[in-house]
Amino acid sequence: MYSRGIPLAKAFGVGGDSSSRGAALIIVLAFMALLTGLALAYFSHTAADRQLAQASFHDASADMLARSALDIIVGSLKREITVAGTNITQANIQPQRSGDHVSIPNL
């Protein structure tokens, strides 16, 4: 059978000489090797970026945890300083009764 004046076997490369078919095979194999190399490079780059992003995330969360713990401690110390008022010393202690039971003399 003919297609536009060219035999179908020749049009699809079935009946051509073996050197042109061998060259086409080498070109296709080289192209496939190139595509495979590009895919491997892409996936290795993506995996490295993912590990870097995960490490950065863990670093940021550890930093946030440390800062929040520091804020809690500083806030607690500030509250303790302002609420405590004056320091208790022997000069400002007032005598107080420790009991009023009748059986205890000298109260």
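Numbering (the working numbering), first residue to last: 65 to 171.
Backbone N, C-alpha and C define an ideal beta-carbon position, used for all residues, glycine too.
The three-state secondary structure of residue 145, taken from DSSP, is helix.
In the three-state reduction of the DSSP assignment, residue 84 falls in the helix class.
Here residue 157 carries a coil assignment [DSSP, helix/strand/coil]. The three-state reading of DSSP puts residue 120 in helix, counting H, G and I together. Residue 152 carries a coil assignment under DSSP once its states are collapsed to helix, strand and coil.
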